[in-house]
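Inspection log for the structure reproduced underneath, given as C-alpha cells.
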Amino acid sequence: MTAGGGVPLVRVSRLPQIDALRGFALLGICVVNAPVIAGAWILAEGAGTQPWDRAAAWLVTALFTTKFYLLFAFLFGYSFVFQEAAADGDGVPFARRHARRLLGLFLLGLAHAVLLYPGDILMTYAVLGLVLFAVRGLGARALLWTAVALVVLTTAVFLVIAVLALGLEDTGQAAAGAVEARQSARYRGGPLMVVHANLAAYRQAFAGALLYGPHLLAAMLTGLAAGRLGWLDAARFSAASAVRRRVLAGGLLIGLPGGVLTAMCTYGPFDARFYYLGQVVDILTAPALSAAYATVLLSLLHGRFGRRIAGFLAPAGRMSLTHYLLQSGILAFVFTGYGLALYGTVGPAALACGCLALWAAQLAFTARHMAHLRHGPAETLLRRITGRRRPVPEVGAGAEAASRHVGV
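Per the working numbering, the very first residue in the sequence shown carries number 3; after that it's consecutive.
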C-alpha cells in the first residue's frame, strides 16, 4: 500500500499505546481549558489572590499549558497514517473520507465553540488536516524539517510581538477589571448571554489560532513522520533506550526550565509586558516537556504494570473526542448560566482538584463500560459523517509485529 507520492503505508491497526496517551492527555486538556470556562483567571492575579491559587495557576502554566495540546496534535498526525491505511484497506477513496471527517470535526468544533468553549481546537484541527492531506506525499525527513521551519517561524513572529510589548506601559489591573466584570455578567446570565459571550470571546480565540496554528501544525507533521517511521511501535520504542534517555534529559533540562520561565512571565514575578517573551520561550521549550511526558508514559506502558495502566487509560483514549466535549459540557453547566453560574467564584487550586476528579471519573467510567461500547457518541457521529462502518481492529502482540511501519 502506498500513499500519494509513493510513500509506503502501514497495515491498518490500532495501537493501544496511542489510546493510552490520549487518555492521559485528557487530564492536561481539562486542566488548561477549565480556567477559561470557569473564569478562574479572575482569581489568579491581583492583590486579593490567595497564595495557593497563585501557585496553582503558576504550576498549570509551567507544567500543562501548551504541552498537552502539542501531544494531542502529535497523535492527530500519527493517526493520519492509520486513517489513510484504513481507507486503502476498505477500498474507498481516502480523499473523500478524509474530507468528510474534517467537515465533521469542523461542525462539531463550531458547535463546541459557540455553545460551550470559545477556545475550541477541533476547527483548527479540521483546517490543518487539509494541510496534512496536501503534504502526505512527503517523506519523514522532509516532514520533520518542515516542522522545524514552522517552529522557527512561530518563534520569530512572537519575538517581534514580544519586543514591541516590552516597549509598552504596563496598564495592569485597571484595564483588566472592566473586562472581568463584563465577562462575569455575561457568563452568569442566561443561555443566550452565554452564547453571546462565547461569540465575543471567539474573536480573540481566532486570532490565537492564527498565531499558534503553525506551532500546532509542526506537532502534527512530527506525528505524521513518527507514524511513517513507527516510533511508537513496541519493538522500536523498547530498543531505543538511548533516545529515550535523551528525550527525558531534554524535558528536564529544556522543557521544565522553559515552563518555569513561561510561568514567571505570565503570573509573576515579571509584569504583563513580559507575557509574549514567555510565549517565545514556551514555543521553543514546550515540545521537549511534551515529549518527556509521552516517553515516561510509554516506558510505563512497556513495563511491569503496563497492561494495567493501559487498561485504565486506553478506553478513555478511544473516545477522547466524546470526553473532550463532555468536559466542556460539565464545566459549562457548573460555571455558566446553563446551570449553576459559578463563573469567577472558584479559584485555580480548587478547580485543578476538580479537574483531576472529573478526569478520574471519566477514566473509571470508560474502563468499566467500554467493553460494551465500541465507540463514544461523538466518535459514532463522526464515523457516520465519514461513511465509515468497519472498526479499526485492536492490536495484539502478533498483529503489531505484522503492522509495523515502513521507514522512509
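Ideal Cβ placement from N, Cα and C applies to all residues, glycine included.
What is the residue span of the alpha helix (DSSP H) that residue i lies within?
| i | result |
| --- | --- |
| Pro289 | 277-303 |
| Val159 | 142-168 |
| Met222 | 193-231 |
| Trp54 | 53-65 |
| Met372 | From DSSP, Met372 is part of no alpha helix (DSSP H); its letter is neither H nor E. |
| Tyr326 | 322-337 |
| Phe76 | 69-92 |
| Leu254 | Leu254 -> no alpha helix (DSSP H), and no H or E assigned at all. |
| Pro2 | The structure shown does not extend to residue 2, since the chain spans only 3 to 410, so no value can be given for it. |
| Gly106 | 96-117 |
Taking residue i as the reference, give the member of the options with the closest Cα.
| i | options | result |
| --- | --- | --- |
| Gly141 | Ala366, Leu226, Phe208 | Leu226 |
| Gly139 | Arg230, Ala236, Met125, Asp122 | Arg230 |
| Arg24 | Met195, Gly169, Val197, Ser292 | Ser292 |
| Gly121 | Arg309, Phe276, Leu212 | Leu212 |
| Tyr345 | Arg205, Leu299, Met195, Leu302 | Met195 |
| Gly284 | Asp273, Val298, Val262 | Gly is not the amino acid found at residue 284; the sequence shown has Asp there. Selected option, being the one with the closest Cα: Val262. |
| Arg2 | Thr51, Arg99, Asp92, Gln52 | No statement about residue 2 is possible, as the shown extent of the chain runs from 3 to 410 and does not include it. |
| Phe135 | Asp90, Leu105, Phe82 | Phe82 |
| Gly210 | Gly192, Ile163, Ala228 | Ile163 |
| Ala101 | Gln206, Gly131, Leu315 | Gly131 |
| Tyr269 | Thr67, Thr63, Met321 | Thr63 |
Note down the Cα distance separating residue i from residue j, rounded to an integer number of angstroms.
| i | j | result |
| --- | --- | --- |
| Val336 | Ala58 | 20 Å |
| Gly379 | Thr324 | According to the sequence provided, residue 379 is Pro. The question's Gly does not apply to it. Those two C-alpha atoms are separated by around 6 Å. |
| Leu110 | Leu77 | 19 Å |
| Arg370 | Tyr340 | 29 Å |
| Val165 | Tyr278 | 8 Å |
| Glu182 | Tyr214 | 24 Å |
| Leu17 | Leu328 | 24 Å |
| Ala22 | Arg309 | 10 Å |
| Gly389 | Ile123 | 23 Å |
| Val348 | Arg184 | 17 Å |
| Gly280 | Gly93 | 48 Å |
| Phe276 | Leu168 | 6 Å |
| Gly409 | Thr338 | Because Gly409 carries a pLDDT of 31, less than 50, the predicted location of this residue cannot be relied on, and no value is offered for it. |
| Leu255 | Ala354 | 26 Å |
| Gly6 | Ala88 | Residue placement at Gly6 is flagged as unreliable, the pLDDT there being 49, under the threshold of 50; a coordinate-derived value is accordingly withheld. |
| Ala312 | Thr297 | 14 Å |
| Pro10 | Glu86 | Here Pro10 scores only 49 on pLDDT, less than 50, and its place in the model should not be relied on; the value that follows carries that caveat. Each residue's alpha carbon lies about 11 Å from the other. |
| Ala366 | Phe307 | 17 Å |
| Gly192 | Ala202 | 16 Å |
| Arg246 | Arg143 | 20 Å |
Using 8 Å as the threshold, is the C-beta distance between residue i and residue j below it?
| i | j | result |
| --- | --- | --- |
| Trp361 | Leu28 | yes |
| Tyr80 | Ile20 | yes |
| Ala128 | Leu218 | no |
| Leu118 | Ser330 | yes |
| His304 | Ser240 | yes |
| Leu145 | Val133 | no |
| Pro350 | Pro53 | no |
| Gly260 | Leu286 | yes |
So, under 8 Å CB-CB, residue i and residue j are touching, yes? Tell me the CB distance rounded to an integer number of Å.
| i | j | result |
| --- | --- | --- |
| Ala290 | Gly257 | 4 Å |
| Thr157 | Val282 | 6 Å |
| Arg190 | His198 | About 13 Å; that fails the 8 Å criterion. |
| Leu333 | Ala46 | Between Ala46 and Leu333 the Cβ distance is about 16 Å, and since that is not below 8 Å, they are no contact. |
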